[in-house]
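Engineer:
There are 2 protein chains.
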Amino acid sequence: MSDSPALKYECLVKDATTHARLGRVTTVHGSFDTPAFMPVGTQGSVKGIMPDDLGELGAQIILGNTYHLMLRPGSELVAKMGGLQKWTTWGKPMLTDSGGFQVFSLSDANKITEDGVVFKSHLNGARIELTPERSMQVQNELGADIMMAFDDCPPAAQRDASEGQSTSGSGLTRHAIEQEKYHKRLKLACERSNRWLGRCVKAHARKSEQSLFGIIQGGIDLEQRKWCVDEVCSHDLPGYAIGGVAVGEGFEQLKRVVEYTAPLMPSDKPRYLMGVGYERDILTAVQAGVDMFDCVLPTRNARNANAFTPTGQMRLRNAQFADDPRPIVEGCDCACCSRGYSRSYLRHMFMAGEMLGPILVTLHNLRHFQRFLLDIRTAIRDNDWSFVTERWPVACV
Amino acid sequence: MSDSPALKYECLVKDATTHARLGRVTTVHGSFDTPAFMPVGTQGSVKGIMPDDLGELGAQIILGNTYHLMLRPGSELVAKMGGLQKWTTWGKPMLTDSGGFQVFSLSDANKITEDGVVFKSHLNGARIELTPERSMQVQNELGADIMMAFDDCPPAAQRDASEGQSTSGSGLTRHAIEQEKYHKRLKLACERSNRWLGRCVKAHARKSEQSLFGIIQGGIDLEQRKWCVDEVCSHDLPGYAIGGVAVGEGFEQLKRVVEYTAPLMPSDKPRYLMGVGYERDILTAVQAGVDMFDCVLPTRNARNANAFTPTGQMRLRNAQFADDPRPIVEGCDCACCSRGYSRSYLRHMFMAGEMLGPILVTLHNLRHFQRFLLDIRTAIRDNDWSFVTERWPVACV
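From first to last, the protein sequence lines are chains G and Y.
Residue numbering for the first sequence follows the working numbering, beginning at 1 and increasing consecutively.
Residue numbering for the second sequence follows the working numbering, beginning at 1001 and increasing consecutively.
(1) Going residue by residue through the region 290 to 375 of chain G, where are the continuous beta strand (DSSP E) segments of at least 3 residues, counting only ones entirely within it?
(2) Does the pairing of the region 1019 to 1035 of chain Y with the region 45 to 58 of chain G give three or more beta-carbon distances under 8 Å?
(3) Go to Y:Glu1209, then tell me how far its beta strand (DSSP E) extends in each direction, as first and last residue.
(4) Taking the continuous beta strand (DSSP E) assigned at G:Ile242, which residues delimit it?
(5) Strictly by DSSP, which residues pair up with G:Ala36?
(6) Which residue or residues does DSSP assign as beta-bridge partners of Y:Arg1271?
(7) For G:Pro263, count neighbouring C-beta atoms within 10 Å of its own C-beta (all shown protein chains included) and say buried if the count is 16 or more, exposed if not.
(8) Residues in its own chain within less than 8 Å of G:Lys111 by CB, not counting five upstream and five downstream?
(9) Three-state secondary structure (DSSP) at G:Ser31?
(10) Would you kindly report the start and end of the unbroken alpha helix (DSSP H) that includes G:Cys228?
(11) Are the C-beta atoms of G:Gln43 and some chain Y residue less than 7 Å apart?
(12) Helix, strand or coil for G:Glu129? Go by DSSP, reduced to three states.
(13) Quick one: is Y:Gln1165 near chain G, going by C-beta distance under 7 Å?
(14) Locate the alpha helix (DSSP H) running through Y:Leu1084, then write down its first and last residues.
(15) How big is the Cα-Cα spacing for G:His368 and Y:Gly1340?
(16) Assuming G:Gly64 contacts G:Leu77 (C-beta within less than 8 Å), just tell me the rounded distance between them.
(17) Using beta carbons (cut-off 7 Å, strictly below), is G:Pro39 in contact with chain Y?
(18) Identify, in the order they occur along the chain, each residue of the same chain with its Cβ nearer than 8 Å to the Cβ of Y:Arg1440, setting aside the five sequence neighbours on each side.
(19) Assign Y:Asn1140 to buried or exposed, taking buried as 16 or more other Cβ atoms, counted over all protein chains shown, within 10 Å of its Cβ.
(20) Apart from the five residues just before and just after G:Met207, which ones in its own chain have a Cβ nearer than 6 Å to its Cβ?
(21) For the region 1322 to 1336 of chain Y, which residues have a CB atom closer than 7 Å to at least one CB atom of chain G, in sequence order?
(22) Take G:Ser121 as the anchor and find which of G:Pro132, G:Leu373 and G:Ser105 has the nearest alpha-carbon.
(23) Flag this pair as yes or no: are the beta carbons of Y:Val1286 and Y:Ala1246 separated by less than 7 Å?
(24) Helix or strand or just coil, what does DSSP make of G:Arg21?
(25) Can you confirm whether the region 348 to 360 of chain G touches the region 303 to 320 of chain G when touching is taken to mean that 3 or more C-beta pairs between the two stretches lie within less than 8 Å?
(26) Y:Val1229: buried (16+ other C-beta within 10 angstroms of its C-beta) or exposed?
(27) Using only alpha-carbon positions, find the residue among G:Lys8, G:Asp97, G:Lys92 and G:Cys11 that is nearest to G:Phe293.
(28) Below 8 Å on the Cβ atoms is my contact criterion, and I expect G:Ser436 with G:Pro325 to pass it. Report the Cβ-Cβ distance as a whole number of Å.
(29) What are the residues in the region 193 to 208 of chain G lying within 9 Å of chain Y by C-beta distance?
(30) Determine the DSSP secondary structure at G:Tyr278, reduced to helix, strand or coil.
(31) What separation, rounded to the nearest whole angstrom, lies between the Cα atoms of G:Glu259 and G:Phe251?
(32) With a Cβ-Cβ cutoff of 7 Å, do G:Gly239 and G:Lys202 count as a contact?
(33) Distance check for G:Gly99 and G:Gln370, CA to CA, integer angstroms please.
(34) Counting Cβ pairs closer than 8 Å, one from the region 353 to 365 of chain G and one from the region 294 to 306 of chain G, do we hit at least three?
(35) Counting only Cβ pairs nearer than 7 Å, list the residues of chain Y close to G:His348.
(36) Assuming G:Lys120 is part of the beta strand (DSSP E), what are its boundary residues?
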């Protein structure tokens, strides 16, 4: 158990056979059970879903994206309206990222210096600067219970050659050069992120209400991961995250990195694996000792008519569903399946461009992930992983 | 009180001072109180709103559009899935229009003959024929509790000259020519619609489950309206509608036509004013003896960020609302206002293109209209119109 000014982590059950743990995190806006899955509400709403319905399907903490909210409506406005939790009517725990990931991936012409990043807004092209201090200021204004450190996100590693096509002699040389370039950039990013973390800790102005999590980078380089764990965890923070995975490295590398890194992190603080992921990724990470997850998969895929099921995804636009009277998943307790919406009706909603399609499948997909995490928590409590593996074949492929 | 095989109308209270009446219509799928406002679910969903929420906000009957549903997914499919009520999960009374209005207004290159209308699908350009018999077949397959007769919709009259700009001598001549042309086309449409009604009555194949309403046309020509009432009501149908209003003729003409026509219609059957309308239009029509209304105003305007209030519409995109912490209407019991969504948050949802904006304002606007009709029913019951006029200044302007 660990007590920070604005966050308490209790480990309730430690699994006997894996690093998994059942726990509870308490913030100023309430508690959430861990391992936890956090739906993503990029612009201040989980697209199409009312906060009441989010709570009913089991979500206890949701995300907001600093990058989007700082550009529109601006964090000063959110602060003036009482903070994200009140403004969105959600009222329960929230987490904001630092804005860094989006600056590196969404915005044009970003220029990185030791001071921070200069980028063009994807909305209107305005020149904007984001530094560790500015990210803290924005996140302090947004007011989420958990804030993330602003770090330098290195480009994703190429998939390891051993996982891909075999390469010719010259290919190998090119690969070696790329590897060296990658490691040089990675090392610079890790060292700079560590200096930036010091600036974040110093700039964070609401420590009694909001908790800053440090982020461990290091790509697929385990030595670099170890270096980051040591440096980042030398700051006594309320929690720590693993960043820079699920960026295209593949399941085996994700597993390798997470299984190596998570157990090195302090056991009395929550561990958060950013941007992950599929059911198999989550199960693997939970068993490596990770407590928190977020991912756009359930919401984004729902909007593309892809429904998650315990045996894999279902593409609801497929013609075979036109006259299928069954719910997405028989016996599912979500607001879509349990109220009798058929695959036939859902397919029509998507074919006709009706909002209700994305809404209903988002409710189903989010419940799918909450149900999965609920079953994982039950498995840890009862020390019985067959409870998960039998009910969720998709997590065991 | 009138009993048809699939519809019962009970008049519960007749207002002492106007033609208004409080009543109840009972169908195979349940009852609804009249005067009633029916939300429009064009393609099988009231855009963005779950049927459970529609019921909670007071809707007791909703519409589906035959034109859209016959093109996609096709009425055979809906029949196979158990009919519109079951397929949509709504389960309560529904009404379908005939498809005629959309054929005349939405589709290209429609060709009208005595047999019916040939048009090009707005989805894929396919050549499609709609006749009285085909409309009945499609509506029988969709399975709504109330079906509408397929009629020939004449073009809307120009606004009367006395209402518009004063015209010069030559303008008056042009006006006279247009008037003559309009009346000729109107008379043809009414006579043809009457012949088509006979074919509809004959073709309707599920009289014990679905009720066919006849439609009284006649534009702004009261003689023509009278002729139509006599002809249409010579068929003993479970209900009758006034069509061809709210097509640009203006409030004064709407009032004139409805106040003349409604009292001529059988008093033991429900009277339905199609496609109406604003609060003032509805109040006027109720006092002329109309029982049923449908309109896209609350839903369509919601998607354009226009919220209805008792004192008029509110444009939520306006910059003045950026930091306005108030709900759309203080004290409103809708799912948006009562749960604390602020004008500030709603404005952001629209500015950011988030689905939750249209959803929340649709919930508010639909509740606005249901609440308005509820108050109208209370006023009739208590014979106290001040109950409506004091609470709904927008209906009295």
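For every residue, glycine included, the Cβ atom is placed at its ideal position computed from N, Cα and C.
Structural biologist: Walking through what the data contain:
(1) 292 to 294, 306 to 309 and 312 to 315
(2) no
(3) Here Y:Glu1209 belongs to no beta strand (DSSP E), and DSSP marks it neither H nor E.
(4) Gly239 to Ile242
(5) G:Met292
(6) Y:Tyr1240
(7) exposed
(8) Val117, Val118 and Phe119
(9) strand
(10) Leu222 to Val232
(11) yes
(12) strand
(13) Low local confidence applies: a pLDDT of 46 at Y:Gln1165 is under 50, so the model's placement there is unreliable, and no value is given.
(14) Leu1084 to Trp1087
(15) 28 Å
(16) Going by Cβ atoms, the distance from G:Gly64 to G:Leu77 rounds to 13 Å, so no, they are not a contact pair.
(17) no
(18) Lying outside 1001 to 1397, the shown extent of chain Y, residue 1440 of chain Y is not represented and no answer is given.
(19) buried
(20) Residue 207 of chain G is actually Lys in this sequence, not Met. Same-chain partners within the cutoff: Pro5.
(21) Ala1322, Asp1323 and Pro1325
(22) G:Ser105
(23) no
(24) strand
(25) yes
(26) buried
(27) G:Asp97
(28) The requested residue 436 of chain G does not occur in the structure, where chain G is confined to residues 1 to 397.
(29) none
(30) coil
(31) 12 Å
(32) no
(33) 26 Å
(34) yes
(35) Gly1044 and Pro1073
(36) Val117 to Lys120
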